[in-house]
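Below: the structure, in structure tokens.
Protein chains: 2
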Amino acid sequence: MVMQRRSSAITIKEVAAAAKVSTATVSRAFAGMDCVNPQLRQHVLGVASSLNYQPNRVARSLRSRTSNTIGLLIPDIDNHFFTGAVRGIESVLNAADYTMLLGHSNDDPKRERNYLSTLRAEGVAGIIFCPNKANHNYYLELQRDGLPMVCIAREISGFEVDTVTVANKQGGYMATKHLLGLGHNRIAIITGPQEVSNARERLEGYRQALQEAGIPEIPFYIQQADYRQQQAHLATLKLLDHPAPPTAIFVTNEVMTLGTLEALKERQVKIPSEMALVGFDDPAWMKILSPGITVVKHPSNRLGAQAAELLLQNLKKPKTGFRQFVMETELIIRGSCGVISS
Amino acid sequence: MVMQRRSSAITIKEVAAAAKVSTATVSRAFAGMDCVNPQLRQHVLGVASSLNYQPNRVARSLRSRTSNTIGLLIPDIDNHFFTGAVRGIESVLNAADYTMLLGHSNDDPKRERNYLSTLRAEGVAGIIFCPNKANHNYYLELQRDGLPMVCIAREISGFEVDTVTVANKQGGYMATKHLLGLGHNRIAIITGPQEVSNARERLEGYRQALQEAGIPEIPFYIQQADYRQQQAHLATLKLLDHPAPPTAIFVTNEVMTLGTLEALKERQVKIPSEMALVGFDDPAWMKILSPGITVVKHPSNRLGAQAAELLLQNLKKPKTGFRQFVMETELIIRGSCGVISS
DNA sequence: GTGAAAGCGCTAACAA
DNA sequence: TTGTTAGCGCTTTCAC
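Right, dumping it as structure tokens:
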């Protein structure tokens, strides 16, 4: 394979020569070390900028065994929640002069592992990712190696790491409580995969609300799905076909809400008169439907920013213990449950 | 700033020692060079894998002046079109053992330039991006430096580079023609920023369709916007407030369609009876509205894949001239123009 | 406060 | 076919 070779950029050597100092001094000037004479520093920086010099990050990374790149791994780039998190992460990282290396795994453990190993080989300073139970052991290995990491959105038991999640249980609770408050007592839920912590927690919230209201759980109303559109579509159809269909459905993520809406439309079920609906997550399209969809909103941006900040802190000082942040959720009431006709 | 130092991973030296060969042989075995004895290669690879060796990409990149990372810069990560392209790019890149470094610029030239310069300092093998007129000179500089690149979605005049775009004019033409065919003759368009080629082309398609139909252009019906939600919202309101409002609106991207729908909902304008609508780009939510939105669909996935393939080719052989690919668009007819009641 | 020199892990001449 | 050796551009001891 013939590789193209780029015309070489300006190096530290040339800057040193032009400024009549050693490369060490140039390096120090750029690192902002205070052991270098302020005047000299100005001079060096001036020469460097006039030469259009930009330190080679690859060389720096090799020598110093650190880099300004962090790895980011998300399960789904088409999920508003994750792109929101990416934005939050990126804004913090950018401000700190870090770059991110982004991959998405489609929640496929093999792909994820692959990516993780590549990221490590790339010498990233740390990683932010959404853990998958199947790779638990690999995470531990990376952790033992001292790779700084922060997990977002999910947690897996037995893996002690800095984590930023969402108040999922609270969200599930609020959604269900809201429906109960409107008089619904046949409330179904379409859950995510139960090996994922946030899916379990959202379900827990639902259960707690029902229990507090003294409403017995109907197993059939708890439809297990996988956070994807198609299974939610199917689950909705099943619910509709039941002899005693629910009067309300709580769909536990954005993409599945699409599937449920699709099924409802297909069967011409009116919202909210024939079916009330609460979603989870709040992409822009939720409010332009008629009626707008009532949702549990979680601050993906802030979650991402928080995760990035945690990671940056981890890069600076050796870790002691691990921290867990939980972002609050919020119920955005629109017309899909019959309160407001919008 | 105290940087954390990772416990060093296995290096080529240790593999060489364990396999009782030189580092060069290990390197060659990994590079798949056929000058190495097949048996020896097997042996080396075996030892390496038993040691859990993974070549350090940073060192490789520094030494060989090439890398397996490519940079990707998009204007908006919340735009379905770009995330689709990212997926397409990533799948091709992954298969070729490349990683991508993703940034998004918010279409801010300064941020874009910043990113570009970081990517270069990171030693990426090439870049895929969506060019912005304001950075024209910088692109030329990068090109002169020999950095392989491919542009997607837009083109800027005077910048000769491999490009993959969409048949925007055709799309605009089809959309307008479709509306004309249904008897509409007061058709408005909400355009993107005219300094962006695809926005100009979509408008051209609209114009051509009107012209062919012998319908004179009404300047007020051509609302200039910026591809963002808010301006589309405003533009829609303006159109509605006009003494002779249009009977149909062609909104030229996904995000603006959201803005238009929002405005229409706010004013309680019925689709399609009081206003017909055609959008551009086809995220999942377009079809779950009632009625579903008729759109011009463009294959963002394939566009991305094509771009990635072009780039990979550029990495292999020195370039001669430049190539331009144009992906076909397709009209997806739903109920928003009054043909099908869905 | 500054410079000289070693070396990060790898690849690529050049030798053998 | 394989090994030896130099060096990619930078940071970082260790001298001065």
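If you're matching them up, the sequences are chains A and B in order. Mind the numbering: the first sequence is residues 1 to 342 in my numbering, read in order. Mind the numbering: the second sequence is residues 1001 to 1342 in my numbering, read in order. Where is the CB? At the ideal position from N, CA and C, for every residue including glycine. Keep in mind it's a predicted model, so treat the numbers as computed, not measured.
{"Query": "The segment 1299-1313 of chain B contacting the segment 1076-1088 of chain B, beta-carbon criterion three pairs below 8 angstroms", "Result": "yes"}
{"Query": "One or two residues paired with Gln223/A in a DSSP bridge", "Result": "Ile190/A"}
{"Query": "Cβ pair count under 8 angstroms reaching 3, the segment 128-139 of chain A against the segment 1117-1132 of chain B", "Result": "no"}
{"Query": "Beta strand (DSSP E) runs wholly inside the segment 1114-1138 of chain B, at least 3 long, in chain order", "Result": "1126-1129"}
{"Query": "Under the three-state DSSP convention, the category Glu330/A falls into", "Result": "strand"}
{"Query": "Beta carbon proximity, Arg367/A to chain B, threshold 8 angstroms", "Result": "In the structure as shown, chain A begins at 1 and stops at 342. Residue 367/A is therefore absent and cannot be evaluated."}
{"Query": "Beta carbon of Pro1291/B nearer than 8 angstroms to that of Gly1335/B", "Result": "yes"}
{"Query": "Which residues DSSP lists as bridging Asp1162/B, in chain order", "Result": "Val1150/B"}
{"Query": "Nearest neighbour of His1298/B, chosen from Leu1101/B, Ser1067/B and Gly1084/B [CA to CA]", "Result": "Gly1084/B"}
{"Query": "Buried or exposed by the 16-neighbour rule on C-beta atoms within 10 Å, applied to Met33/A", "Result": "exposed"}
{"Query": "Closer than 7 angstroms at the beta carbon, the chain B residues around Arg87/A", "Result": "Ile1077"}
{"Query": "Any C-beta of chain B under 8 angstroms from that of Ala276/A", "Result": "no"}
{"Query": "Environment of Gly1071/B [buried if 16+ CB atoms lie within 10 Å]", "Result": "buried"}
{"Query": "Through-space distance from Asn1137/B to Val40/A, alpha-carbon basis", "Result": "Note that residue 40/A corresponds to Leu in the displayed sequence, not to Val. The straight-line gap from Cα to Cα measures roughly 32 angstroms."}
{"Query": "Near-chain B residues of the segment 114-131 of chain A - C-beta to any C-beta below 9 angstroms", "Result": "Asn114, Tyr115, Ser117, Thr118, Leu119, Arg120, Ala121, Glu122, Gly123, Ala125 and Gly126"}
{"Query": "One or two residues paired with Gln1324/B in a DSSP bridge", "Result": "Thr1163/B"}
{"Query": "Contiguous beta strand (DSSP E) assignments of at least 3 residues, all confined to the segment 30-80 of chain A", "Result": "69-74"}
{"Query": "Any C-beta of chain B under 8 angstroms from that of Arg228/A", "Result": "no"}
{"Query": "contact_flag[the segment 1252-1262 of chain B, the segment 275-293 of chain A] where n(CB pairs < 8 angstroms) is 3 or more", "Result": "yes"}
{"Query": "Status (buried if at least 16 other CB within 10 Å, exposed otherwise) for Pro216/A", "Result": "exposed"}
{"Query": "Cutoff 8 angstroms; reference Leu1051/B; Cβ partners in own chain excluding five residues on either side", "Result": "Ile1010, Glu1014, Val1015 and Ala1018"}
{"Query": "N-terminal and C-terminal residue of the beta strand (DSSP E) that Met174/A is part of", "Result": "Per DSSP, Met174/A belongs to no beta strand (DSSP E); it is in the alpha helix (DSSP H), Asn168 to Gly181."}
{"Query": "Own chain partners of Asn1185/B with C-beta closer than 7 angstroms, once the 5 adjacent residues on each side are dropped", "Result": "Ile1215"}
{"Query": "Residues sharing a beta bridge with Thr1294/B, DSSP", "Result": "Val1278/B"}
{"Query": "Buried or exposed by the 16-neighbour rule on C-beta atoms within 10 Å, applied to Glu1254/B", "Result": "buried"}
{"Query": "Extent of the continuous beta strand (DSSP E) to which His233/A belongs", "Result": "It is not in any beta strand (DSSP E) - His233/A instead sits in the alpha helix (DSSP H) that spans Gln229 to Asp241."}
{"Query": "Spatial distance of Phe81/A from Pro75/A (CA atoms)", "Result": "11 angstroms"}
{"Query": "Coil, strand or helix - Ile249/A by DSSP", "Result": "strand"}
{"Query": "Interfacial residues, the segment 1281-1313 of chain B to chain A, with Cβ spacing under 9 angstroms", "Result": "Pro1283, Ala1284, Trp1285, Met1286, Lys1287, Ile1288, Leu1289, Ser1290 and Gly1292"}
{"Query": "Residues from the segment 158-181 of chain A in contact with chain B, defined by Cβ distance under 8 angstroms", "Result": "none"}
{"Query": "CB contact check: Arg1041/B to chain A, cutoff 8 angstroms", "Result": "no"}
{"Query": "Residue from Ala1188/B, Lys1316/B and Tyr1221/B whose Cα sits closest to the Cα of Val1278/B", "Result": "Ala1188/B"}
{"Query": "Beta carbon proximity, Met1100/B to chain A, threshold 8 angstroms", "Result": "yes"}
{"Query": "Contact the segment 222-230 of chain A vs the segment 167-185 of chain A: 3+ CB pairs below 8 angstroms", "Result": "no"}
{"Query": "Limits of the unbroken alpha helix (DSSP H) element including Met1100/B", "Result": "Unbroken run through Met1100/B is the beta strand (DSSP E), Thr1099 to His1104; no alpha helix (DSSP H)."}
{"Query": "Euclidean distance between Cα positions of Gly1123/B and Phe1325/B", "Result": "27 angstroms"}
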